[in-house]
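What follows is a single structure, written as structure tokens, with notes after it.
Number of protein chains: 4
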Amino acid sequence: MGGPAIYAPAMVQKRRVGAESSETRARIVEATEQVIRDEGYAAASSRRVALRAELPPSLVHYYFPTTDDLLLAVFRRGAEQSDAMIEAALTSTDPVRALWRFFSDPSRNALAMEFVAMANHRKAIRTEIARHSEAMRARQAQLMEQLLGDRLADHKVTAAGLSLLLAAVGRTLVMEADMGVASGHGDARASVEALLDELLPPKK
Amino acid sequence: MGGPAIYAPAMVQKRRVGAESSETRARIVEATEQVIRDEGYAAASSRRVALRAELPPSLVHYYFPTTDDLLLAVFRRGAEQSDAMIEAALTSTDPVRALWRFFSDPSRNALAMEFVAMANHRKAIRTEIARHSEAMRARQAQLMEQLLGDRLADHKVTAAGLSLLLAAVGRTLVMEADMGVASGHGDARASVEALLDELLPPKK
Amino acid sequence: MGGPAIYAPAMVQKRRVGAESSETRARIVEATEQVIRDEGYAAASSRRVALRAELPPSLVHYYFPTTDDLLLAVFRRGAEQSDAMIEAALTSTDPVRALWRFFSDPSRNALAMEFVAMANHRKAIRTEIARHSEAMRARQAQLMEQLLGDRLADHKVTAAGLSLLLAAVGRTLVMEADMGVASGHGDARASVEALLDELLPPKK
Amino acid sequence: MGGPAIYAPAMVQKRRVGAESSETRARIVEATEQVIRDEGYAAASSRRVALRAELPPSLVHYYFPTTDDLLLAVFRRGAEQSDAMIEAALTSTDPVRALWRFFSDPSRNALAMEFVAMANHRKAIRTEIARHSEAMRARQAQLMEQLLGDRLADHKVTAAGLSLLLAAVGRTLVMEADMGVASGHGDARASVEALLDELLPPKK
DNA sequence: GATGAATGAGAATTCATTCAT
DNA sequence: AATGAATGAATTCTCATTCAT
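Protein chains in written order, with numbering that gives the first Met the number 0: chain A, 0 to 203; chain B, 0 to 203; chain C, 0 to 203; chain D, 0 to 203.
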């Protein structure tokens with residue numbers, strides 16, 4: 000894995016072309032993310048990406064032989080950033096509430112929802128999302144277990160269950176808000192926060 | 000009787016969609032739903048739908064001038080079925096648990112998630128989903144309010160908040176299961192059911 | 000020719016279907032002219048015409064089996080109106096100047112130019128326009144010959160030549176004005192009017 | 000060398016059209032012109048052009064993202080050729096008569112009339128024709144002013160007016176001849192030539 | 001490392017016309 | 001006299017991908 004990238008032509012299947020570290024590569028990934036954010040993932044064609052990056056379309060294919068390769072690269076970059084944010088949340092002074100804020104934060108969620116949507120007809124993406132989701136949930140569960148210990152049991156929740164619950168409600172709030180649905184949002188948010196208040200020492 | 004009184008091409012606003020009762024029309028809607036289920040909404044092109052329905056593509060356009068029209072027809076049919084199921088749930092002997100079963104039922108949810116994904120780049124769909132979601136939530140809130148009354152307040156939940164919460168967790172379970180994610184699922188499900196047990200008289 | 004129209008199905012070639020005098024027929028012709036004026040002749044499809052007339056498209060084909068039939072009907076109606084206007088001009092007190100005003104009148108010319116454009120790829124239209132143009136020019140030449148007699152010869156013009164010249168300059172002014180070209184327009188107009196002044200007794 | 004540096008799809012504004020020097024590109028433009036001449040501009044679809052050029056339709060779109068782009072390229076090439084011919088006429092020994100011959104020359108005019116017809120529903124073409132017409136007329140007026148000076152005033156014509164007049168009559172003769180109209184043509188031609196004889200020293 | 005050129009496939013529409021009733 | 005349904009052919013445009021240089 001760590002070895003030097005071999006610049007194989009596109010026909011060679013499982014080989015990533017273009018240096019991992021290339022500036023051009025980063026530019027393409029960045030442009031793709033922008034396109035997805037602005038126009039939705041369905042617009043993330045090599046042509047439009049190339050246009051945004053001000054590069055010829057064939058260069059996009061040079062670095063990312065298939066569209067899946069490109070999309071995966073964007074997902075992985077986003078996942079790494081999410082991981083870092085979650086790590087920061089989990090090691091903050093108020094980890095659970097920080098996690099909740101993370102899950103109900105619109106900006107991050109928008110991109111994530113695009114990938115979930117994408118997962119429907121992109122097996123490669125689906126697999127990668129599943130892998131990452133499992134890992135994220137496991138990590139969160141592990142930390143919350145440490146932090147909340149038996150207070151969780153008192154409330155008939157497990158660490159993994161709570162993690163899923165926060166993610167579910169957070170994402171739904173964001174997704175619905177994007178569509179213009181608002182009924183029950185304030186109430187659900189309040190309920191979640193009440194639950195956290197019971198589980199946690201009051202915020203300072 | 001039957002068939003669209005479409006005097007207007009796609010570009011025209013006021014289109015009479017014609018009688019809902021046309022065998023061909025129904026066949027197209029059915030084929031489209033199948034395509035969406037099997038291959039994802041991105042595959043719901045007039046061509047593929049026509050192929051599945053064994054009809055010429057132009058006939059699809061005859062009944063549904065634009066792709067949005069077609070997709071909306073499928074959504075509306077699904078929404079009506081959902082409405083009926085929800086109504087049945089809400090008027091059953093154990094309405095809240097029936098609602099929860101509805102939300103966490105995979106078969107219905109799969110199609111719903113396709114439409115949510117679709118909403119990202121189909122404004123017409125987005126608008127319709129939003130409208131329907133609001134209506135559904137309002138209806139559920141109204142009924143739950145009647146049923147649970149002040150038991151809700153004791154648990155720091157509102158009717159609308161609970162409706163959203165059930166929908167959020169239910170959908171997340173289904174969506175993640177579709178992708179192959181399972182961690183925390185049993186736990187979250189148990190927590191929700193525990194909450195319902197507290198709110199409701201025990202199931203018979 | 001004069002006999003009663005036989006309501007033959009579309010397959011019968013040279014037979015006009017639908018009563019000459021039908022109100023529906025007139026409505027279709029009127030709608031077609033409006034479409035041509037507003038959106039250009041290329042938009043004069045049976046569907047759009049039907050839409051404008053608020054009639055089903057098949058009814059348009061019932062009256063006008065082919066698109067050429069429809070277009071010809073519109074042309075002929077316009078030609079008749081033009082003939083009437085020209086006749087009025089030629090029998091007015093100042094016939095030649097009235098003719099010049101007719102030729103340089105934008106409103107009438109707009110539709111005429113659509114038909115000239117159409118003539119390029121519609122043989123039936125081309126033939127009809129040619130026939131009508133010849134007839135119009137002959138009629139004008141005849142009248143001008145009577146009116147101007149030998150004054151024409153003094154100015155090295157013939158009646159037919161003058162008719163063509165007025166038509167040519169008039170149409171060019173209108174057509175260019177439509178496109179936004181204006182250079183030389185005032186000058187050319189003045190020259191034509193100076194010529195008419197030489198040929199004619201001064202306007203009252 | 001050359002070929003289009005088109006990083007942008009049709010929807011994008013700032014498109015670099017790439018080097019004029021590409022054999023394929025030239026072949027497409029040439030094929031388009033032939034199609035327009037032979038079958039009228041309405042037949043200038045990417046398919047038919049591709050067929051004539053013996054190239055796949057998608058290649059036509061590669062060089063000319065939109066039909067307007069293609070049509071404009073054909074127009075511009077024709078305009079350049081016209082400009083060259085006009086320049087040659089204007090610098091010949093008998094510039095005004097050469098210009099008249101140019102305007103009444105069928106071969107050149109046929110294509111020009113197609114573009115005028117096209118202008119009706121192609122804004123891009125309309126704008127370009129207007130620009131070019133204005134420029135052409137200005138250039139001609141300038142030269143004629145130099146050449147004919149005050150002889151023009153004696154005949155109640157201006158340079159720009161004369162330019163328009165020659166263009167109007169020339170084009171009308173050609174257009175009508177194309178349709179099979181001939182009445183008055185010899186006479187009008189004679190009148191124009193008589194006018195030129197008065198304005199100019201007799202031809203050698 | 002990079003890129004211009006090329007291409008087959010497919011998408012969304014629109015259209016003229018036919019036909020059975 | 002009228003019309004709903006149907007359909008094959010076109011049209012414009014977009015895309016992923018390949019390939020030679």
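Beta carbons are placed, not taken as given, at the ideal position from N, Cα and C, and that holds for glycine.
**Prompt:** Buried or exposed: C/P200, going by 16 or more other Cβ atoms within 10 Å of its Cβ?
**Reply:** By the neighbour-count criterion, in which a residue is buried when 16 or more other Cβ atoms sit within 10 angstroms of its Cβ, C/P200 is exposed.
**Asked** How far does the alpha helix (DSSP H) with A/T171 in it reach, from first residue to last?
**Response** Taken as a continuous stretch (DSSP letters only), the alpha helix (DSSP H) holding A/T171 covers A158 to M178.
**Message:** Just to make sure I have the definition right: I need the residues of chain A whose C-beta is within less than 7 Å of the C-beta of B/K155. Which are they?
**Reply:** Those are S190 and A193, listed as they occur along chain A.
**Request:** Return the first residue and the last residue of the alpha helix (DSSP H) that D/K122 is part of.
**Result:** It spans K122 to L147 - the alpha helix (DSSP H) in which D/K122 sits, taken as one unbroken run.
**Message:** Restricting to runs no shorter than 4 residues, where is the alpha helix (DSSP H) found entirely within the region 51-132 of chain C?
**Reply:** For the region 51-132 of chain C, whole alpha helix (DSSP H) runs of length 4 or above, ordered along the chain, are 56-62, 66-89, 94-102 and 105-118.
**alpha helix (DSSP H) segment containing A/A181, residue limits** = DSSP places A/A181 in no alpha helix (DSSP H); its state is neither H nor E.
**Asked** By Cβ distance, which residues of its chain are closer than 8 Å to C/R100, with the 5 residues on each side in sequence left out?
**Response** Result list for C/R100: A88, in chain order.
**Item:** Residues of the region 97-120 of chain D with Cβ closer than 9 Å to any Cβ of chain C, in chain order
**Value:** So the close ones are M112, E113, V115, A116, M117, A118, N119 and H120.
**Prompt:** How would you list, in chain order, the residues of chain C whose beta-carbon sits under 7 Å from the beta-carbon of D/A137?
**Reply:** Under the 7 Å cutoff, chain C gives S182.
**Of the residues D/I85, D/T66, D/E38 and D/R51, the one placed nearest D/A137, counting alpha carbons only** = Taking the Cα of D/A137 as reference, the smallest distance to any Cα among D/I85, D/T66, D/E38 and D/R51 is reached at D/I85.
**Asked** Just how far apart, CA to CA, sit A/L195 and A/Q145?
**Response** C-alpha separation (whole angstroms): 16 Å.
**Asked** Quick one: Cα of C/D82 to Cα of C/M135, how far?
**Response** If you draw a straight line from the Cα of C/D82 to the Cα of C/M135, it is about 7 Å long.
**Prompt:** the region 159-184 of chain B: which residues have C-beta closer than 9 Å to a C-beta of chain A, in chain order?
**Reply:** Hits within the stretch, in order: A159, G160, L161, S162, L163, L164, A166, A167, V168, G169, R170, T171, L172, M174, E175, D177, M178, G179, V180, A181, S182, G183 and H184.
**Message:** Which residues of the region 28-39 of chain D have a Cβ closer than 8 Å to any Cβ of chain C? Give them in chain order.
**Reply:** If the cut-off is 8 Å between Cβ atoms, the region 28-39 of chain D has E38 and G39 near chain C.
**Message:** Distance cutoff 8 Å, beta carbons only. Does D/D85 sit that close to anything in chain C?
**Reply:** Residue identity check: residue 85 of chain D is Ile in the sequence provided, not Asp. D/I85 has a beta carbon lying at 8 Å or more from every beta carbon in chain C.
**Request:** Compute the Euclidean distance between the alpha carbons of A/R24 and A/K155, then round it to the nearest angstrom.
**Result:** Rounded to whole angstroms, A/R24 to A/K155 spans 48 Å at the Cα level.
**Prompt:** Do you know offhand how far B/H60's Cα is from A/A140's?
**Reply:** The straight-line gap separating the alpha-carbon atoms of B/H60 and A/A140 is approximately 51 Å.
**Per-residue burial, D/P55 [other beta carbons within 10 Å of its own, 16 or more giving buried]** = With fewer than 16 other CB atoms across the displayed protein chains lying within 10 angstroms of its CB, D/P55 is exposed.
**Prompt:** Between the beta-carbon of A/G179 and the beta-carbon of B/A159, is there less than 8 Å?
**Reply:** No, the pair does not count as a contact, with Cβ atoms beyond the cut-off.
**Message:** Tell me which residue opens and which closes the alpha helix (DSSP H) that A/A25 is part of.
**Reply:** Its alpha helix (DSSP H) spans residues E22 to E38.
**Own chain, CB closer than 7 Å to C/E197, minus 5 neighbours either side, in chain order** = Cβ neighbours of C/E197 beyond the five flanking positions: H154.
**Asked** Alpha carbon to alpha carbon, how far is C/T92 from C/M143?
**Response** For C/T92 and C/M143, the distance between alpha carbons rounds to 13 Å.
**Prompt:** Looking at C/N108 and C/R36, is the spacing between their C-beta atoms short of 8 Å?
**Reply:** Pairing C/R36 with C/N108 gives a Cβ-Cβ distance that is not under 8 Å.
**Asked** Within 10 angstroms of its Cβ, does C/R75 collect 16 or more other Cβ (buried), or is it exposed?
**Response** Label assigned to C/R75: exposed.
**Message:** Could you tell me the alpha carbon to alpha carbon distance between A/S57 and A/F63, rounded to whole angstroms?
**Reply:** Per the coordinates, the alpha-carbon of A/S57 lies some 10 Å from the alpha-carbon of A/F63.
**Prompt:** Applying a beta-carbon distance threshold of less than 9 Å, which residues of chain A neighbour B/E133?
**Reply:** Those are G179, V180, A181 and S182, listed as they occur along chain A.
**Request:** Report the three-state DSSP secondary structure of D/L199 (helix, strand or coil).
**Result:** Note: D/L199 maps to coil in three-state DSSP.
**Prompt:** What number of angstroms, rounded off, separates the C-alpha of B/L70 from the C-alpha of A/Q33?
**Reply:** Each residue's CA atom was taken as its position, placing B/L70 and A/Q33 some 27 Å apart.
**C/E22 burial status per 10 Å Cβ neighbour count (16 or more: buried)** = Classification of C/E22: exposed, given that the 10 Å Cβ count is below 16.
**Item:** Contact belief for D/Y40 with D/E127 at Cβ below 8 Å, rounded distance in angstroms
**Value:** Separation of the CB atoms of D/Y40 and D/E127 is rounded to 14 Å, and the pair is thereby denied contact status at 8 Å.
**Item:** Inter-residue spacing [alpha-carbon to alpha-carbon] between D/A176 and D/S162
**Value:** Cα-Cα distance, rounded: 21 Å.
**Message:** Can you give me the C-alpha to C-alpha distance between B/S44 and B/T66, rounded to a whole angstrom?
**Reply:** The C-alpha of B/S44 lies about 7 Å from the C-alpha of B/T66.
**Request:** Give the interface partners of C/R125 over in chain D, defined as CB-CB distance under 9 Å, in chain order.
**Result:** Within chain D, the residues placing a beta-carbon under 9 Å from that of C/R125 are D177, M178 and G179, ordered along the chain.
**Prompt:** DSSP state of B/A43, grouped into three classes?
**Reply:** Coil.
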